[in-house]
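Structure record follows, encoded as structure tokens.
Residue numbers (our numbering): 613 to 1136.
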């Protein structure tokens, strides 16, 4: 095993329970829930809902989630908390307006938010403390305020222009983005959460809260109706699995893009990655070329599982072998066919492991920064723009249709050995996520990196005809990649944000949290 350590924070080690997520307040609340006798699901829900107040540009109760969970000796189970297009959605009508993609900041891009139904189901079925107790921390902070963290402030300023109508009143201060250290309060959301705590899902999907969202969407030209909100339901799923270098990887099935990570790793198996420099041009090139091919397959095949999806073909060994044979080790190929301009990077992730080693991997998002930019008039619920992930191409598997779920970029994961879960993890970052999953697994398996170093290590990502290369790479590596035909960009913002908890054979928990985010791992 080679010793790779990259400058950054230390891993967190504890025995009783742990949370890793993108904001310290949420991690602290999750650990407090564990100390109070809650289990990992209780802690994950409490922390996730609070993240919508800590990082409102990234997530919130107007969004979607996907969840993987496991208990020792039991298989990994999933829950799809993604919402559908309204019953009156009509792709042909949008094409007749001359549109080729769904406008990102429009009511047409708003699918019915389903995260709240997922949290209600999970709290009742898997939790111990009850929904009322789990929502109290978020209610408190929504009322009293959360100091805006540095990365959140950076994103707030970058994405503030997306806010429109009532959203500007709810999410700006004197018409300006909030700055680091300023308090963000969301009293309207506090009231919504109190109603959910009292009435369960009906506090959100029926009555005044739903009416507020519907009226706002209709005022923006939406076709959403009360029946769409009343019908919103999360549903149970079975993960899709793959293997790489002695590890097994469980990903959430479509309509998420988790299968893309499995295909990418299947392609990488055909190359001796472990013999390469982990920060050299050769590895970066092979990974970039494999990602282009895997993402092209994603764009062609992944959709709502109730509609056409060629998942078995995508994950077949011969598919990966055929794609690997297309890679030229000496020359970059053109970019994969883009799904739309809608592949973006605004997401939060939380993972929790408790004393009994129940593990939860939960990812939660409103998609683009501040979602659609539309917030409900009275309560200030920011509404996601996940519908922008639909295709408007006629007869495409991912074509917009009534009651259909779009292809999602958010994906939670579980790493296993010998069938046992050893690490729930996620890598925020929109389209980057499958590459982020594959890169983290490869860092651990091919190069024997410790968990925090595997997260800290510099990243690159082939995206839209450009190879984004973080500043941690040497200039000579960037030049070598350019010589292979890659168009190089050094992005202003970091690539992704990983969170993970390793369940070590010794019995301890080892938490890693990405310095690219404001968060941390905490245990007790």
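Even for Gly, the Cβ is constructed at its ideal location relative to N, Cα and C. Predicted, not measured: the structure shown is a model, and the values here were computed from it.
Residue from the options whose Cα sits closest to the Cα of residue i
i: residue 856; options: 964, 832, 868 and 1029; result: 1029
i: residue 1148; options: 1016, 934, 752 and 981; result: Because the chain in this structure spans residues 613 to 1136, residue 1148 falls outside the shown range and cannot be described.
i: residue 962; options: 1026, 947, 929 and 763; result: 1026
i: residue 847; options: 648, 1021, 1101 and 677; result: 677
i: residue 1087; options: 891, 719, 789 and 825; result: 891
i: residue 859; options: 814, 1056, 698 and 894; result: 1056
i: residue 693; options: 974, 1058, 1034 and 1115; result: 974
i: residue 832; options: 944, 964, 984 and 914; result: 984
i: residue 966; options: 631, 621, 622 and 624; result: 631
i: residue 1024; options: 874, 786, 647 and 1092; result: 874
i: residue 842; options: 908, 1051 and 724; result: 724
i: residue 939; options: 986, 904, 969 and 919; result: 904
i: residue 877; options: 927, 845 and 894; result: 927
i: residue 674; options: 757, 993 and 1133; result: 993
i: residue 747; options: 714, 1113 and 812; result: 812
i: residue 672; options: 1085, 986, 1101 and 1095; result: 986
i: residue 863; options: 978, 1058, 1039 and 828; result: 1039
i: residue 719; options: 697, 734, 737 and 708; result: 697
i: residue 1097; options: 765, 635, 1079 and 1036; result: 1079
i: residue 651; options: 737, 865, 1112 and 823; result: 737
i: residue 565; options: 989, 1123 and 744; result: A query on residue 565 cannot be resolved here, the shown segment of the chain reaching from 613 to 1136 and no further.
Cβ neighbour criterion (16 or more within 10 Å) applied to residue i
i: residue 1032; result: exposed
i: residue 682; result: buried
i: residue 732; result: buried
i: residue 1047; result: buried
i: residue 1010; result: buried
i: residue 1120; result: exposed
i: residue 956; result: Because the pLDDT of residue 956 is 47, which lies under 50, any placement of that residue in the model is unreliable, and the question is left without a value.
i: residue 851; result: buried
i: residue 1051; result: buried
i: residue 762; result: exposed
i: residue 627; result: exposed
i: residue 1062; result: buried
i: residue 742; result: exposed
i: residue 1133; result: buried
i: residue 712; result: exposed
i: residue 910; result: buried
i: residue 685; result: exposed
i: residue 1018; result: buried
i: residue 996; result: buried
Three-state class that DSSP yields for residue i in the structure shown
i: residue 755; result: helix
i: residue 895; result: helix
i: residue 982; result: coil
i: residue 1037; result: strand
i: residue 1013; result: coil
i: residue 911; result: helix
i: residue 951; result: With a pLDDT of 43 at residue 951, under the threshold of 50, the modelled position of this residue cannot be trusted, and the question is left open.
i: residue 859; result: strand
i: residue 726; result: coil
i: residue 1079; result: strand
i: residue 972; result: strand
i: residue 1049; result: helix
i: residue 881; result: coil
i: residue 1057; result: helix
i: residue 1043; result: helix
i: residue 835; result: coil
i: residue 977; result: strand
i: residue 1120; result: coil
i: residue 740; result: coil
Beta-bridge pairing of residue i - partner residues as DSSP gives them
i: residue 1128; result: Its beta-bridge partners do not exist; DSSP assigns none.
i: residue 1032; result: 1029
i: residue 631; result: 964 and 1134
i: residue 690; result: 680 and 849
i: residue 594; result: Because the chain in this structure spans residues 613 to 1136, residue 594 falls outside the shown range and cannot be described.
i: residue 795; result: 759
i: residue 1003; result: 1011
i: residue 641; result: Answer by DSSP bridge pairing: none, since residue 641 is not bridged.
Beta-carbon proximity list for residue i, same chain, < 8 angstroms, skipping 5 on both sides
i: residue 760; result: 768, 790, 791, 792, 793, 794, 795 and 796
i: residue 753; result: 637, 662, 665 and 666
i: residue 889; result: 895
i: residue 640; result: 1134
Proximal residues to residue i (C-beta, below 6 angstroms), its chain only, five neighbours per side dropped
i: residue 1106; result: 1128
i: residue 656; result: 962, 964, 972 and 974
i: residue 783; result: 775
i: residue 1066; result: 1052, 1055 and 1056
i: residue 952; result: At residue 952 the pLDDT is 41, less than 50, meaning the model places this residue with poor confidence; the figure from the coordinates comes in the next sentence. Here the set comprises 713.
Neighbourhood of residue i by C-beta, 7 angstroms cutoff - its chain only, sequence neighbours within 5 removed
i: residue 1117; result: none
i: residue 821; result: 804, 807, 815 and 991
i: residue 726; result: 676, 693, 694, 695, 844 and 846
Contact with chain D by residue i, beta-carbon distance below 7 angstroms
i: residue 929; result: In the structure shown, chain D does not exist; there is a single protein chain.
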